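Going down the list, the protein sequences come from chains A and B. Each residue of the first sequence is one higher than the one before, counting from 1 in this note's numbering. Each residue of the second sequence is one higher than the one before, counting from 1 in this note's numbering. Where a beta carbon is used, it is the ideal one built from N, C-alpha and C, also for glycine. All of these numbers come straight from a predicted model, not from anything done at the bench. First comes the structure, then the notes that go with it.
There are 2 protein chains.
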Amino acid sequence: MTDRPLNATAASLLGFLHAGPMTGWDLVATAEVVIGDFWSLTRSQVYRELTAMEAAGLVQAGEVGPRERRPYRLTDAGREAFRRWLEREPGPEQIRYPLLLTIAFGRHLDPERLAAFVAAHRSVHAARLADYETLQGDGSDHLDPYARATLDFGVRYERAVLEWFEHLPGLLPLPPAAGDDRPEADT
Amino acid sequence: MTDRPLNATAASLLGFLHAGPMTGWDLVATAEVVIGDFWSLTRSQVYRELTAMEAAGLVQAGEVGPRERRPYRLTDAGREAFRRWLEREPGPEQIRYPLLLTIAFGRHLDPERLAAFVAAHRSVHAARLADYETLQGDGSDHLDPYARATLDFGVRYERAVLEWFEHLPGLLPLPPAAGDDRPEADT
DNA sequence: CCTTGACAGTCCACTGTGGCATGCTACCGT
DNA sequence: ACGGTAGCATGCCACAGTGGACTGTCAAGG
Numbered sequence: 001m002t003d004r005p006l007n008a009t010a011a012s013l014l015g016f017l018h019a020g021p022m023t024g025w026d027l028v029a030t031a032e033v034v035i036g037d038f039w040s041l042t043r044s045q046v047y048r049e050l051t052a053m054e055a056a057g058l059v060q061a062g063e064v065g066p067r068e069r070r071p072y073r074l075t076d077a078g079r080e081a082f083r084r085w086l087e088r089e090p091g092p093e094q095i096r097y098p099l100l101l102t103i104a105f106g107r108h109l110d111p112e113r114l115a116a117f118v119a120a121h122r123s124v125h126a127a128r129l130a131d132y133e134t135l136q137g138d139g140s141d142h143l144d145p146y147a148r149a150t151l152d153f154g155v156r157y158e159r160a161v162l163e164w165f166e167h168l169p170g171l172l173p174l175p176p177a178a179g180d181d182r183p184e185a186d187t
Numbered sequence: 001m002t003d004r005p006l007n008a009t010a011a012s013l014l015g016f017l018h019a020g021p022m023t024g025w026d027l028v029a030t031a032e033v034v035i036g037d038f039w040s041l042t043r044s045q046v047y048r049e050l051t052a053m054e055a056a057g058l059v060q061a062g063e064v065g066p067r068e069r070r071p072y073r074l075t076d077a078g079r080e081a082f083r084r085w086l087e088r089e090p091g092p093e094q095i096r097y098p099l100l101l102t103i104a105f106g107r108h109l110d111p112e113r114l115a116a117f118v119a120a121h122r123s124v125h126a127a128r129l130a131d132y133e134t135l136q137g138d139g140s141d142h143l144d145p146y147a148r149a150t151l152d153f154g155v156r157y158e159r160a161v162l163e164w165f166e167h168l169p170g171l172l173p174l175p176p177a178a179g180d181d182r183p184e185a186d187t
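Following this line, the structure appears as structure tokens:
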């Protein structure tokens, strides 16, 4: 009823439903894979949006299947709403990086501890970059150009972050030079 | 009472209060300048957190001044809580970039429109980079090393994004080659 | 037959956002 | 001197988004 514009999360769900009816669970899984690297969503929200969108007539729930699976399919109104959303100016990007907060307040923190945090995060980013680059190498062909473009963003982002990590020791009051040049991963 | 761990926003406020008593308004302004590029907060939330933290004994409200100004000052408990927060492993970073969503669903969108969105965002990032680099050039000296480190992150991030924008035309089904090769900045 | 584990959805408390409303007061022009 | 207005300062609300706990379902295997 209320024709307030969609939010980006709901719109994405409609986008995925173009490929055919899916359940909330499927949508979460799909979203994680396809847009998870630059758009976060949670189960709770997905189910909530689906309920709301059904009430608004943008999707239609089908018969409940085996495991309480409730598939939703796109309606014409939903297709319409998706198009309208897609044509609106996308909002500004948001970064929230807790590590940068910790660094910003680094004056109050033991340098060794800070160094440990930094090392941990660096290895996370290194792993992600490796992932992305594998994807780019392997099967970049079977991706559509749009997916390749967002993947490229990821690669460049991770590379930049890693370079920053490399330069950090020159910028920050260092750990008192312990067994530091061993980038070991202890888990 | 409830000694649940602080959230990052509340903790940041405590961090800023180390410099002396401040009002909610001041805290918002400070936060915007100091951590605004990688941590967002809103007035509403700041006031809510302050109220909650006062109830928890982490800050103490002073006399109400001229314009209903209500300065808060750090208590010992607050200082303690801040330290404990700062020593906890900072969480993973979050990026939410609506433009990437639009691109990911670009198949459903008119290429010209997509190109327009891209151009608009590119100029935003260009402007931010210019800002950061001015800051780095000018007065990088009067910044503490920690601020310089976070600024460096910003610079590298924006540079990476801009490079990505440069490469996009090679990845995406292009706009039908309108007056495109003029990277004009209209403002 | 019963446990285990992946699947599927729900609920709740909290965090975070943006806009509206409301007063206050310093300053400005007349 | 005085009325307007711009910016200061806080509060409130509805909604978006998060993460964890919880319930239930089915399939496979010991």
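1. Exposed or buried, what is H18/A when buried is set at 16 or more other beta-carbons lying within 10 Å of its beta-carbon?
2. Contact check, V46/A vs G24/A under 8 Å by CB: the rounded distance?
3. Report the option in P175/A, G36/A and L14/A whose CA atom is closest to the CA atom of I95/B.
4. Please list, in chain order, all residues of the same chain as A116/B whose beta carbon is under 6 Å from its beta carbon, the five residues on each side excluded.
5. Is the beta carbon of L172/A closer than 8 Å to that of P145/B?
6. Who are the neighbours of V34/B on chain A, taking C-beta pairs under 9 Å?
7. Taking the alpha carbon of A149/B as the point to measure from, which residue in V161/A, D141/A, R67/A and D110/A has its own alpha carbon closest?
8. Rounded to a whole number of angstroms, what is the C-alpha to C-alpha distance between A104/B and F16/A?
9. Classify A10/A: buried if its beta carbon has 16 or more other beta carbons within 10 angstroms, exposed otherwise.
10. Looking only at its chain, what residues have a beta carbon closer than 8 Å to the beta carbon of G20/A, apart from the 5 residues adjacent to it on each side?
11. Going along the chain, which residues of its own chain have a beta-carbon closer than 8 Å to the beta-carbon of A52/A, five neighbours each way excluded?
12. Between which two residues does the alpha helix (DSSP H) harbouring V64/B extend?
13. Which residue marks the beginning of the beta strand (DSSP E) containing R73/B, and which one marks its end?
14. To the nearest angstrom, report how far apart R70/A and L109/A are at their CA atoms.
15. What three-state label does DSSP hand I95/B in the structure shown?
16. In whole angstroms, what is the alpha-carbon distance linking A55/A and T42/A?
17. One question on the structure: do F153/A and L135/B come within less than 8 Å of each other, judged by their Cβ atoms?
18. Do we get a CB-CB distance below 8 Å when we pair H167/A with the residues of chain B?
19. What does DSSP give as the partner residue(s) for Q136/A in the beta ladder?
To lay it out plainly:
1. Here residue 18/A refers to the residue found at position 18 when the first sequence is read from its first residue. With fewer than 16 Cβ atoms within 10 Å of its Cβ, H18/A is classed as exposed.
2. Position 46 of the first sequence, counting from 1, holds the residue named residue 46/A. Position 24 of the first sequence, counting from 1, holds the residue named residue 24/A. About 5 Å; that satisfies the 8 Å criterion.
3. As a working note, residue 95/B is residue 95 in the second sequence. Checking every option, the nearest Cα to that of I95/B belongs to G36/A.
4. Residue 116/B sits at position 116 when you count from the first residue of the second sequence. Residues of the same chain with a CB within less than 6 Å of the CB of A116/B, apart from the 5 flanking positions on each side, do not exist.
5. In the second sequence, counting from the first residue as 1, residue 145/B sits at position 145. In the first sequence, counting from the first residue as 1, residue 172/A sits at position 172. Against a cut-off of 8 Å, the Cβ pair of L172/A and P145/B comes out as a contact.
6. Within the second sequence, the letter at position 34 stands for residue 34/B. Under the 9 Å cutoff, chain A gives A104.
7. As a first step, residue 149/B is located in the second sequence; it is residue number 149 there, counting from the start. For the residues V161/A, D141/A, R67/A and D110/A, the minimum Cα distance to A149/B belongs to V161/A.
8. In the second sequence, counting from the first residue as 1, residue 104/B sits at position 104. In the first sequence, counting from the first residue as 1, residue 16/A sits at position 16. In a straight line, the C-alpha of A104/B is about 11 Å away from that of F16/A.
9. Reading the first sequence from its first residue, position 10 is the one you call residue 10/A. So A10/A counts as buried.
10. For this step, residue 20/A is matched to residue 20 along the first sequence. If we look at G20/A and ignore the five residues flanking it on each side, its Cβ neighbours are R73.
11. For this step, residue 52/A is matched to residue 52 along the first sequence. Taken in chain order, the residues that qualify are A10.
12. The residue you call residue 64/B lines up with position 64 of the second sequence. Note, V64/B: premise wrong, no alpha helix (DSSP H); not H, not E.
13. The count along the second sequence starts at 1 and reaches residue 73/B at position 73. Its beta strand (DSSP E) spans residues Y72 to L74.
14. Within the first sequence, residue 70/A is the residue found at index 70, counting from 1. Within the first sequence, residue 109/A is the residue found at index 109, counting from 1. Looking at the two C-alpha atoms, the distance is approximately 50 Å.
15. Start at 1 with the first residue of the second sequence, and residue 95/B comes out as number 95. Correct three-state label for I95/B: strand.
16. Position 55 of the first sequence, counted from the start, is the residue given in the question as residue 55/A. Position 42 of the first sequence, counted from the start, is the residue given in the question as residue 42/A. C-alpha separation (whole angstroms): 20 Å.
17. For the purposes of this step, residue 153/A is taken as the residue at position 153 of the first sequence. For the purposes of this step, residue 135/B is taken as the residue at position 135 of the second sequence. Going by C-beta atoms, F153/A is not nearer than 8 Å to L135/B.
18. Indexing the first sequence from 1 puts residue 167/A at position 167. Yes, H167/A lies at the interface with chain B (some Cβ there is under 8 Å from its Cβ).
19. Numbered from its first residue, the first sequence carries residue 136/A at position 136. In DSSP, Q136/A forms no bridge with anything.
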